[in-house]
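As structure tokens, the structure follows; a few thoughts come after it.
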Amino acid sequence: MNPVGVFDSGVGGLSVLAALRAELPHERFVYFADTAFAPYGERGDDYVIERSRKVTEQLIAEHGIKALVVACNTATTATIHLLRAEHPTLPIVGLEPALKPAVATSRTGHISVMATRGTLASAKYAALRDSFAGSASVRAVPCDGLVKAIEGFDAAAIAALCARYMAEAGPFGDAPGEVDTVVLGCTHYPLVKNELQRHAPPALRFIDTGAPVAQQTRRVLASLDRLADGEGGLVLASSGDRAVLEAAAARWLQLSPQGTTATSA
Ligand code: DGL
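Written out as structure tokens, the structure reads:
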């Protein structure tokens, strides 16, 4: 069985890949980090569209992927409709900030959405908010610079930016008017959840989309009779420094070098 392609601007999609591997242990995955062109989120739609098209075409040409997971909110909001139109036989799963479950489970009705500026400015996000916010108060918190800090493993910058954006996302609590749910609307942010958590009460709920996207991918593959039953596996590919991606995969996914093939692309 051919592999499932997964891509992000960089290491953020590894948070989705972890959920995909847990849900679909028999699948082979090829993960592409577009590191040389990251971050996407503060660069505008034309840039994200061009990169997403190139990465998708490369995954098809070089790996013959049987399905694609766009493990990036920014790329999904800007391009998924175009990618689906251009590759009608390729099943494509995207993701978007998990506003619907956040609104459904919030008790105070006050929610903050942390995401890139590109995602929060998109028409798709506006439509999502209009469809699901209802009477909830939804605050958008664009986290400029956080993806870049995570890509560079810059611990000081990560700590400073997490503190700043959590201050903007609060005040947190269970009392009326307080935020009890934070949507992590960028796949990089679950990687620094512990750092974000340091600035919040333990009861604050963080919601991300890794597990639901993995379940949706399973449903899509099953409906097309494309589920694999082999040993599974992972190829790591990057437009940038492959060693950085390998280090990130080891750090975030606890991947050992065995069973992992790394290729640059
Ligand atoms: N991980 C991407 C997302 O989910 C990030 C973005 C970026 O490159 O700015 O939006």
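Using numbering that gives the first Met the number 0, count along the sequence shown one by one with no gaps and you end on 264.
Backbone N, C-alpha and C fix where the C-beta goes; we use that ideal spot for every residue, glycine too.
Since we're looking at a predicted model, the values are computed, not measured.
Given the structure, does residue i come close to the ligand DGL, in the sense that its CB is under 6 Å from one of the ligand's heavy atoms?
i	result
residue 8	yes
residue 187	yes
residue 34	no
residue 71	yes
residue 38	yes
residue 54	no
residue 146	yes
residue 115	yes
residue 11	yes
Which same chain residues, not among the five before or five after residue i, have their C-beta less than 7 Å away from its C-beta?
i	result
residue 102	110, 131, 132, 133 and 135
residue 247	10 and 13
residue 140	111, 112, 113, 164, 167 and 168
residue 106	173 and 179
Pick out whichever of the options has its Cα sitting closest to the Cα of residue i.
i	options	result
residue 66	208, 146, 30 and 248	30
residue 61	122, 175, 2 and 231	2
residue 138	158, 98 and 252	98
residue 54	42, 78 and 40	78
residue 44	73, 69 and 107	73
residue 184	89, 155, 95 and 242	95
residue 173	52, 201 and 196	201
residue 51	203, 238 and 165	238
residue 221	248, 23 and 231	23
residue 179	100, 27 and 36	100
residue 204	245, 108 and 242	108
residue 34	224, 81 and 151	151
residue 85	161, 159, 37 and 49	49
residue 38	115, 129, 232 and 124	115
residue 121	245, 171, 75 and 160	75
residue 40	170, 143 and 232	143
residue 80	46, 123, 104 and 171	123
residue 42	245, 196 and 117	117
Within a Cβ cutoff of 8 Å, which residues of the same chain sit near residue i, ignoring the five residues on either side of it in sequence?
i	result
residue 58	4, 6, 29, 31, 64 and 67
residue 92	66, 67, 68, 69, 212, 215, 216 and 219
residue 157	145, 148, 149, 191 and 194
residue 252	13, 16, 17 and 20
residue 262	Residue placement at residue 262 is flagged as unreliable, the pLDDT there being 48, under the threshold of 50; a coordinate-derived value is accordingly withheld.
Using a Cβ-Cβ cut-off of 6 Å (strictly less than) and excluding sequence neighbours within five positions of residue i, which residues of its own chain qualify?
i	result
residue 229	25
residue 0	227
residue 189	14, 183 and 207
residue 187	11, 146 and 149
residue 249	none
residue 119	139 and 141
residue 162	198
residue 256	Summary for residue 256: the model assigns pLDDT 45, below 50, so the residue's position carries little reliability, and this model does not support an answer.
Just list the residues that DSSP pairs residue i with in beta bridges.
i	result
residue 67	4 and 91
residue 180	110 and 204
residue 136	109
residue 232	27
residue 32	7 and 237
residue 141	114
residue 171	178
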